[in-house]
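Numbering (the numbering used here), first residue to last: 17 to 160.
Below: one structure, written as structure tokens.
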Amino acid sequence: MDMKSVTKKYGIPENIKGTCSMENIEKNKVSFLADISYKSFLKPDQGVIILTSEKNYEKIKNIEGNTYIVVENPHHAFIEFHNELHKDFVPFNTGNEKPLTEKNCEIDATAKFGSNVKIGANVRIFPNVVVGSNVKIGDNTKIF
Numbered sequence: 017m018d019m020k021s022v023t024k025k026y027g028i029p030e031n032i033k034g035t036c037s038m039e040n041i042e043k044n045k046v047s048f049l050a051d052i053s054y055k056s057f058l059k060p061d062q063g064v065i066i067l068t069s070e071k072n073y074e075k076i077k078n079i080e081g082n083t084y085i086v087v088e089n090p091h092h093a094f095i096e097f098h099n100e101l102h103k104d105f106v107p108f109n110t111g112n113e114k115p116l117t118e119k120n121c122e123i124d125a126t127a128k129f130g131s132n133v134k135i136g137a138n139v140r141i142f143p144n145v146v147v148g149s150n151v152k153i154g155d156n157t158k159i160f
């Protein structure tokens, strides 16, 4: 399935900027409400698109300024949309890349790096850290 098919299937606008959690709602992003206890995170005029069930829609429809899309399984619809949106995202590789480092860096041997990673001076990276591709880490940073 492609993005156009997924947005059409669920009635999601095509100009969406991404996904977000209910705890961190962002304008023009998609989230889902499967558990009504998360209703407390919804406020008027947040500009978020919420995938929800018919039952929960009845309990949130009066919170204006957001878009509510009723689907049979909100969690499944959200996952399908999110996965299609990010299908080409590769956060890191198997750890074969070597970062470009400045002076006085301490990097644990178990740390893994994607491609095009730049590390500033006096950085310490602790065991089992994974750093994605195209990341710049500033001077005097510690990553656990």
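For each residue, glycine too, the CB sits at the ideal point set by N, CA and C.
Values in this document were obtained by computation on a predicted structure and should not be read as measured data.
Contact check, residue i vs residue j, beta carbons under 8 angstroms
i, j, result
"Ser21", "Thr35", "no"
"Ile132", "Asn156", "In the sequence as presented, Ile is not what sits at residue 132; that position holds Asn. Result no, Cβ atoms of Asn132 and Asn156 do not sit closer than 8 angstroms."
"Ile79", "Val64", "no"
"Phe94", "Leu67", "yes"
"Gly130", "Val147", "yes"
heavy atom of the ligand SAM below 7 angstroms from residue i C-beta
i, result
"Ile85", "Questions concerning the ligand SAM fall outside what the structure shown contains, since it holds no ligand whatsoever."
Presumed contact (8 angstroms Cβ cut-off) between residue i and residue j, rounded CB distance
i, j, result
"Ala50", "His91", "5 angstroms"
"Phe86", "Glu70", "Here the sequence assigns Val to residue 86, which means Phe is not the residue at that position. Val86 to Glu70, Cβ: 5 angstroms. Contact."
"Leu116", "Ile135", "7 angstroms"
"Ile32", "Asn44", "6 angstroms"
Beta-ladder partner(s) of residue i, from DSSP
i, result
"Phe129", "Val147"
"Lys15", "In the structure as shown, the chain begins at 17 and stops at 160. Residue 15 is therefore absent and cannot be evaluated."
"Lys152", "Lys134"
"Glu122", "Arg140"
Handout entry: beta strand (DSSP E) runs wholly inside the segment 21-100, at least 3 long, in chain order
Key = Counting only runs of 3+ residues, the beta strand (DSSP E) found wholly inside the segment 21-100 occupies 45-49, 65-68, 83-86, in chain order.
Practice task
Give a yes or no on contact between the segment 119-128 and the segment 51-69, applying the rule of three or more CB pairs nearer than 8 angstroms.
Solution key: Contact between the segment 119-128 and the segment 51-69 is absent, because fewer than three Cβ pairs lie under 8 angstroms.
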